[in-house]
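One structure is given below, encoded as structure tokens.
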Amino acid sequence: MPIHDQSYRHWEGELKSHYLRWWVITYEGLKVILRRKLFIILILTPAIIQFFVFGGLIYGFNTFGAMANLNQMTPDFFFRFCFQQTFFILLICVFGGSGLIANDMKSNALQLYFSKPLTRSDYIIGKIAIIMIMLECITAVPCLLLFIEYAVLSQDLTFLRENYWLIGSIIAYSLVLNLPITFLTLALSSVTKNYRYSAIILVAIILGSAVVSGLLKVIFRSSWTNFVMYWYNIGIIGRGLFGMKDEFSEWQWSFVIMLVLSIICFWIMYRKIKGVEIVK
0 MPIHDQSYRH
10 WEGELKSHYL
20 RWWVITYEGL
30 KVILRRKLFI
40 ILILTPAIIQ
50 FFVFGGLIYG
60 FNTFGAMANL
70 NQMTPDFFFR
80 FCFQQTFFIL
90 LICVFGGSGL
100 IANDMKSNAL
110 QLYFSKPLTR
120 SDYIIGKIAI
130 IMIMLECITA
140 VPCLLLFIEY
150 AVLSQDLTFL
160 RENYWLIGSI
170 IAYSLVLNLP
180 ITFLTLALSS
190 VTKNYRYSAI
200 ILVAIILGSA
210 VVSGLLKVIF
220 RSSWTNFVMY
230 WYNIGIIGRG
240 LFGMKDEFSE
250 WQWSFVIMLV
260 LSIICFWIMY
270 RKIKGVEIVK
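Quick note, the sequence shown lines up with residues 0 to 279 if you use numbering that gives the first Met the number 0.
Below, the structure written as structure tokens:
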């Protein structure tokens, strides 16, 4: 009588991991955030209303501007739309992003994540995508729609021929608006298990930088102190990307500041996210 081996058979296939593993984290995170009615009513709805206001301005400009011989809309219009969304960007990061990592650390969920076929990079990309998708939906997406609206309503192709480069400026500036504050939000969320602390520190850094800049300007009486202000750097980069003149012609300095800030925040986030917490 033959004896059968009851042990597990060796699998001869090739294990292939899916490159969109991080999307599971993003999808579930967006579902949790967008389930909050107050978040949608108080934050997303006003941002959407602002989009319709600017859309109405474009319609009025094309309708009544032609009567007044106003046949050109400057890049400043699209810059102002993006920059005026900074208030809602901060609110989304405070109420939607501050707890993305902190809550996982508080509930020891990182061990559960990394027990699955997920890497630390997958986890970080998934969390970044949660915030970036929400922020892009109130910056790049509506601004591109406004550009398309104006191009469609224009009487000829002159606007599109002369301003096609604005598409790249809009996309680039949306990344400048969203990536640094996303990295900052997640870095602060990764250093504490209480999302309230990370939210408070985020607001203190963003708004406090303007106060510090004002104090330094009084002490040193120099315009370079403006570079301490977070939103000032974001604004001057935008003016450079949209081809607008500013008191500081070299907006590259602001870009370097934001780049260094983003790298530091990403490094902090990457170092803090671990499957096992080491207690010293």
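Backbone N, C-alpha and C define an ideal beta-carbon position, used for all residues, glycine too. As the structure is a prediction and not an experimental result, all values here were calculated from the model.
### Message
For asparagine 68 and isoleucine 147, I'd like the C-alpha separation in whole angstroms.
### Response
Unreliable positioning characterises asparagine 68 in this predicted model, as indicated by a pLDDT of 45, which lies under 50. A coordinate reading is not provided.
### Query
CA-CA distance, isoleucine 205 and serine 120?
27 Å
### Message
Looking at the secondary structure, which residues open and close the alpha helix (DSSP H) in which leucine 145 lies?
### Response
139-152
### Message
For the alpha helix (DSSP H) containing isoleucine 236, name the first residue and the last one.
### Response
229-240
### Task
Report back the beta-carbon spacing between threonine 191 and alanine 128 to the nearest angstrom; my notes put them in contact at under 8 Å.
Actually they do not touch by this definition, with Cβ atoms about 22 Å apart.
### Message
Using a 10 Å radius around the Cβ and a threshold of 16 neighbouring Cβ atoms, would you call leucine 201 buried or exposed?
### Response
Buried is the label assigned to leucine 201, since at least 16 other Cβ atoms lie within 10 Å of its Cβ.
### Query
For the candidate residues Ile236, Gly125, Tyr149, Pro74, whose alpha-carbon lies nearest to that of tryptophan 21?
Gly125
### Query
Excluding the five sequence neighbours on either side, which residues of its own chain have a C-beta within less than 8 Å of the C-beta of glycine 28, listed in chain order?
Taken in chain order, the residues that qualify are Leu99, Gly125, Lys126, Ile129.
### For arginine 270, the first and last residue of its enclosing alpha helix (DSSP H)
Here the alpha helix (DSSP H) through arginine 270 covers 251-271.
### Task
Use the C-beta contact count for valine 259: other C-beta atoms within 10 angstroms, 16 or more gives buried, fewer gives exposed.
exposed
### Query
Taking the continuous alpha helix (DSSP H) assigned at isoleucine 40, which residues delimit it?
Neither: isoleucine 40 is in no alpha helix (DSSP H) and is coded neither H nor E.
### Task
Return the Cβ separation of proline 74 and serine 168 in integer angstroms, given the expectation that the two are a contact with Cβ distance under 8 Å.
Yes, they are in contact, since the Cβ atoms of proline 74 and serine 168 sit about 7 Å apart, within 8 Å.
### Extent of the continuous alpha helix (DSSP H) run through methionine 243
Element bounds for methionine 243: n/a, residue is neither H nor E.
### Message
Quick check: what's the CA-CA separation for glycine 59 versus serine 189?
### Response
47 Å
### Task
Closer than 6 Å by C-beta to threonine 224: which residues in its own chain qualify, once you throw out the five before and the five after it? Chain order, please.
Ser212, Leu215, Lys216
### Message
With a threshold of 8 Å, are at least 3 pairs of Cβ atoms found where one atom belongs to the stretch 136-151 and the other to the stretch 43-55?
### Response
yes
### Query
So is leucine 234 buried or exposed if we call it buried at 16+ other beta carbons inside 10 Å?
It is worth fixing the name first, because residue 234 is glycine in this sequence and not leucine. Classification of glycine 234: buried, given that the 10 Å Cβ count is 16 or more.
### Residue closest to asparagine 61, alpha-carbon to alpha-carbon, out of Val151, Asn193, Gly96
Val151
### Query
For asparagine 107 and chain D, any beta-carbon pair shorter than 8 Å?
Looking at the structure shown, chain D is missing, and only one protein chain is on hand.
### Query
From what residue to what residue does the alpha helix (DSSP H) around leucine 174 run?
165-189
### Query
What do you get for valine 52, buried or exposed, if any count of 16 or more other CB atoms within 10 angstroms of its CB means buried?
exposed
### Query
Exposed or buried, what is tyrosine 229 when buried is set at 16 or more other beta-carbons lying within 10 Å of its beta-carbon?
Under this definition tyrosine 229 is a buried residue.
### Message
Can you find the residues in the same chain that come closer than 7 Å, C-beta to C-beta, to lysine 271, ignoring five residues on each side of it along the sequence?
### Response
Ser189, Val190
### Message
For tyrosine 172, count the other beta carbons within 10 Å of its own beta carbon; 16 or more makes it buried, fewer makes it exposed. Which is it?
### Response
buried
### Task
State yes or no: is the C-beta of asparagine 177 within less than 8 Å of the C-beta of methionine 131?
Against a cut-off of 8 Å, the Cβ pair of methionine 131 and asparagine 177 comes out as a contact.
#### Entry: Short Cβ contact (8 Å threshold) for phenylalanine 158 with methionine 268
no
### Query
Contact check, leucine 165 vs phenylalanine 77 under 8 Å by CB: the rounded distance?
Contact between leucine 165 and phenylalanine 77 holds, with the beta-carbon distance rounding to 6 Å and staying under 8 Å.
### Query
Where tyrosine 149 and arginine 220 are concerned, what is the direct C-alpha to C-alpha distance, given to the nearest angstrom?
43 Å
### Task
Measure the alpha-carbon distance for leucine 33 versus tyrosine 194 and round it to whole angstroms.
18 Å
### Task
Can you tell me which of the three DSSP states tyrosine 18 falls into?
coil
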